[in-house]
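These notes are about the structure you will find just below.
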Amino acid sequence: MATLNPFGNRVFRLDLYDEAAVAPLLDTLAGEWGGEVAIGSYPVTNQPDGARLLLTLESKRTDSLTPAAERLKELLPEGALIGEQRDVTRLTLDSVKNP
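Anchor point for the sequence shown: position 66 equals 66 in UniProt numbering, and the numbering is continuous, going up by one each time.
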């Protein structure tokens, strides 16, 4: 019987409020990894760590997810990254308090 590979993910918590500020880098990342890694962007408010934008990467292939995550960190504006989480099951305040 074939086994299903679970999705892995990375959530990047950013001190940016404007999705347009990261659109070009997301386009770059999609061009490099779009066939293997799904990319998401979610504005948020009232986060205990001050995050205002969450970027997500998701893939069944860790051999693609890990380098895509590293590339995203290279592309982010300096000082924008508050934190990174791995294999988050839901995007809630609880995931910030108890990663």
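Note that the Cβ used here is the ideal one computed from N, Cα and C, for glycine as well.
In this text the structure is predicted, and so the values were computed from the model without any measurement.
Coil, strand or helix - residue i by DSSP
i	result
Pro77	coil
Lys97	Only weak support exists for where Lys97 lies, its pLDDT of 47 falling under 50; the value from the coordinates is given anyway. Residue state, collapsed to three classes: helix.
Thr45	coil
Leu16	coil
Glu36	coil
Gly50	coil
Enclosing beta strand (DSSP E) for residue i [first to last residue]
i	result
Glu58	53 to 59
Bridge-paired residues (DSSP) for residue i
i	result
Asn9	Glu58
Arg86	Arg10
Where residue i falls, given that 16 or more other Cβ within 10 Å makes a residue buried
i	result
Asn9	buried
Phe12	buried
Ala69	buried
CB-CB length for residue i against residue j, believed under 8 Å
i	j	result
Ala51	Val44	6 Å
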